[in-house]
Amino acid sequence: MSFDINWSTLESDNRLNDLIRKHLNSYLQNTQLPSYVSNLRVLDFDLGKVGPAITLKEITDPLDEFYDSIREEADQETEENNDNKEDSEHVCPDRTIANHEGPKDDFEAPVVMPSPNDIQFLLEVEYKGDLLVTIGADLVLNYPVEKFMTLPVKLSISDIGLHSLCIVACLSKQLFLSFLCDVSDPALDDNQTVLDPKGPILAATKPLERISIVRSMKIETEIGEQYQGQGSVLRSVGELEQFLFTIFKDFLRKELAWPSWINLDFNDGDE
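When the letters of the sequence shown are read in order and numbered with this note's numbering, they come out as residues 5 to 275.
Here you go:
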């Protein structure tokens with residue numbers, strides 16, 4: 005069963021575009037760059053006006069891993085609250101006796117139990133939209149000496165294509181998204197195998213090599229006209245484009261491919 009999503013609401017949200025841009029930059033800051041590249045950063049991110057085509061394959065209960073993630077986060081918040089409480093008691097000694105009347109004053113982690121409203125969707129996602137990522141970088145020419153010349157370049161990543169199977173789980177006011185594998189994978193012939201926690205997909209401890217997520221993408225590079233005929237510059241540009249293609253795919257696999265996922269928490273606005 006296929007259905008439509010209100011993509012215009014997402015693509016017009018500048019905060020979402022900026023959040024994704026910052027997340028990409030955070031990832032790039034922790035990426036080891038080759039000697040011929042420096043100052044690699046995302047200048048702009050635009051989701052585009054064309055959304056993905058989504059087909060619903062199956063409806064099930066959410067995986068246990070998502071509940072475990074919520075419990076771990078709740079335990080961490082409880083521990084931080086109790087630590088802050090202890091610090092406050094040290095600052096205000098006159099209230100120490102009252103604060104230590106019993107353990108009832110301690111923050112307790114909320115019990116996370118499955119709700120009848122919790123649900124998980126197995127979705128086939130096909131995307132051939134107009135998402136655009138603009139990246140800035142400096143090409144470093146290390147000949148005849150190291151850092152002999154630095155050349156700023158701007159690259160545009162577009163025409164991104166993917167066709168994958170993913171799971172989307174809705175638990176209370178939290179949403180989890182994780183890609184399982186590409187549709188062309190033979191394992192996709194059996195949906196039961198895909199959702200079996202002991203099967204080859206969900207039992208994996210790291211993203212499988214066969215998960216590409218991104219099937220195709222286009223990279224256009226802008227450099228100064230005075231450098232376009234220089235062989236060393238062109239070779240560096242080609243290497244940079246290949247490097248970007250690799251780290252972009254690696255980023256998606258590390259962040260989105262099972263057993264990794266993204267979690268959108270909509271509880272923050274509650275008082």
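Even glycine gets a Cβ: it sits at the ideal position worked out from N, Cα and C.
Item                                                                                                                                                      : Value
Note down, in chain order, each residue of its chain lying with its Cβ closer than 8 Å to the Cβ of I63, except the 5 sequence neighbours on either side. : I123, Q124, F125 and L126
Alpha carbon to alpha carbon, how far is C174 from T138?                                                                                                  : 32 Å
Is C96 buried or exposed, if buried means 16 or more other CB atoms sit within 10 Å of its CB?                                                            : Here C96 scores only 45 on pLDDT, less than 50, and its place in the model is too uncertain to base an answer on.
Whose CA, out of L143, C170, D48 and T35, lies closest to the CA of I251?                                                                                 : T35
Which value, in whole angstroms, describes the spacing of the CA atoms of L37 and L23?                                                                    : 23 Å
Can the beta-carbon of K222 be found closer than 8 Å to that of S162?                                                                                     : yes
If I'm right that V144 touches S168 with Cβ under 8 Å, what's the distance once you round it to whole angstroms?                                          : No, V144 and S168 are not in contact; Cβ-Cβ is about 36 Å, not under 8 Å.
Output the boundary residues of the beta strand (DSSP E) element that contains K158.                                                                      : M153 to L175
Apart from the five residues just before and just after S1, which ones in its own chain have a Cβ nearer than 8 Å to its Cβ?                              : The question about residue 1 has no answer here: the residues shown for the chain are numbered 5 through 275.
Is it true that the region 46-61 meets the region 239-249, where meeting means three or more beta-carbon pairs spaced less than 8 Å apart?                : no
State buried or exposed for L135, treating a residue as buried only when at least 16 other CB atoms are found within 10 Å of its CB.                      : buried
Answer yes or no: do I58 and V129 have a C-beta to C-beta separation smaller than 8 Å?                                                                    : yes
Determine the closest residue to Y131 out of S73, I217, I266 and L60, with distance taken between C-alpha atoms.                                          : I217
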